[in-house]
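Heads up: the sequence lines are chains A and B, in that order.
Sequential numbering from 1 applies to the first sequence in the numbering used here.
Sequential numbering from 215 applies to the second sequence in the numbering used here.
Every residue gets a Cβ at the ideal spot worked out from N, C-alpha and C, and that includes glycine.
Notes for the one structure printed next.
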Amino acid sequence: MKQYIFAGAALALASGGIADARPVSYEGGRTFITEHDRDMSAIWAHYTPHHRYSIGYRGEWHREDDHAFHGAQLTWLAKRWFGADYQANLYLSGAAGLAYGVDDNPAGTGAAGSLGLMADWETRRWFVSYMARGFAGDTVGEKAMQSARLGVAPYVANYGALHTWLMVQVEHSPQAENPVGVTPLVRFFQGPLMAEFGWSVTDDKPFLQFQYRF
Amino acid sequence: MSIRNLALAVALAVSVPLMAPPLAMAQEELSEAQITPAMQTALDEGGSLVIVDVLGAVCDFCALAMTRTFERRAEVAAATVDLDAKTLTFVLREGAQMEDAAISDLIRRSGYQENGIRRAEAR
């Protein structure tokens, strides 16, 4: 069990190196997210019953490891720092569910979970984030990853206008064929919709993320 | 110009601004981004304007969170956020009231922090 907790924390910190914008919403807010990076594809739908945490369903297809995960994820906003011109956040997350092998992976269905940490600092011009995640499953093994992002907005827009960010993400996945990945991306943000388009220059693979906040 | 006319002009210059309704004074300070058409309509119908300075509002998700949280309230006719001015502005329906503590609580439940509240009466 201890092994799972540790690996989960490491995985939560490592699996899925995507820096989700505001993984906890306003009270009553619902968010739908799809993610596709060099290692996995995921969907995540969460509800925020309290401004300090969100809960929802998360499904992941770890394409490189040929396994899938379906479970519930809880994300806790541990701390938010406010200023007139900035916001900084520290989030912790945990997921629990079932994982099983897909394609050529004969692994059966077993309990699995992840633990993660994410921190960000953002102004209307600059964005910096870090996340780490660890994942462990009875039948599919363990993995971990971490990533960091730096972004700049070439122009500053007001509420309702199209916001554009130029970002670069550096990922570290010790188990991956290329342990260190670099992904330049562009983020578009307008009202309830956020979309990111990038390309992993180390793996020659696309990076996509869409979020819609209801 | 006679002294009497000069005195009258001075008196008018001083008294007209003083007689202007508080809302007009508040609106002079507001940008277009702080008053939406829906808010203007609500003001024309007798609503009252509230301006809240907010900490931490740096993106559209922040603005969306506060706008939706306030517009779900029956007392609120319309709301918007101006990221440039770092304010949430909203219009209370005619006769409706919302205490400062309730406003601060709604901002907190949106995920942000209130940093000052100003009000203006309806015309």
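- Task: At 8 Å on the CB atoms, spell out the chain B contacts of residue 197 of chain A, in chain order.
- Result: Near residue 197 of chain A there are no residues of chain B at all, since even the closest Cβ is about 18 Å away, more than 8 Å.
- Check: residue 332 of chain B C-beta below 6 Å from any heavy atom of the ligand HEM: Only the bare structure without any ligand can be found here, which leaves the ligand HEM out of the picture.
- Could one say the Cβ of residue 272 of chain B lies closer than 7 Å to chain A's Cβ atoms, at least one of them? Yes - at least one Cβ of chain A is within 7 Å of the one on residue 272 of chain B.
- Query: Quick one: what's residue 130 of chain A bridged to in DSSP?
  - Reply: DSSP lists A/148 as partners of residue 130 of chain A.
- Between B/310, B/299, B/276 and B/275, which lies nearest to residue 287 of chain B when the distance is taken from Cα to Cα? Considering only alpha carbons, the answer is B/310.
- Task: Quick one: which residues of the segment 319 to 333 of chain B get their C-beta closer than 8 Å to a C-beta of chain A? List them in chain order.
- Result: The segment 319 to 333 of chain B vs chain A, Cβ under 8 Å: 322, 323, 324, 325, 326, 327 and 329.
- Message: For residue 187 of chain A and residue 320 of chain B, what's the separation of their Cα atoms in angstroms?
- Response: In this model, residue 187 of chain A and residue 320 of chain B are separated by some 29 Å (Cα to Cα).
- Contacts that residue 297 of chain B makes with chain A (C-beta to C-beta distance below 7 Å): Neighbours of residue 297 of chain B in chain A, taken as residues at a C-beta separation under 7 Å, are given in chain order as 124, 158 and 159.
- Continuous beta strand (DSSP E) assignments of at least 3 residues falling wholly in the segment 284 to 312 of chain B: Inside the segment 284 to 312 of chain B, DSSP marks whole beta strand (DSSP E) runs of 3 or more residues at positions 290 to 296 and 301 to 306, from first to last along the chain.
- Message: With a threshold of 8 Å on Cβ separation, who are the neighbours of residue 74 of chain A within its own chain once the five nearest residues in sequence on each side are excluded?
- Response: Apart from the 5 residues on each side of it in sequence, residue 74 of chain A sits with its Cβ closer than 8 Å to the Cβ of 53, 54, 55, 93, 94 and 95 in its chain, given in chain order.
- Query: Can you find a CB in chain B that lies within less than 7 Å of the CB of residue 87 of chain A?
  - Reply: Using beta-carbon distances, residue 87 of chain A counts as an interface residue toward chain B, with a partner under 7 Å.
- The alpha helix (DSSP H) enclosing residue 322 of chain B, as first and last residue numbers: Here the alpha helix (DSSP H) through residue 322 of chain B covers 314 to 324.
- Message: Can you check whether the C-beta of residue 292 of chain B is within less than 7 Å of a C-beta belonging to chain A?
- Response: Chain A contact via Cβ: absent.
- Cβ of residue 304 of chain B less than 7 Å from any chain A Cβ? No, no contact with chain A.
- Message: Nearest by alpha-carbon distance to residue 131 of chain A: which of A/171, A/183, A/36 and A/62 is it?
- Response: Nearest of A/171, A/183, A/36 and A/62 to residue 131 of chain A, Cα basis: A/171.
- Task: Using a Cβ cut-off of 7 Å, pull out every chain A residue sitting near residue 269 of chain B, in sequence order please.
- Result: Going along chain A in sequence order, the residues near residue 269 of chain B (Cβ under 7 Å) are 82, 83 and 84.
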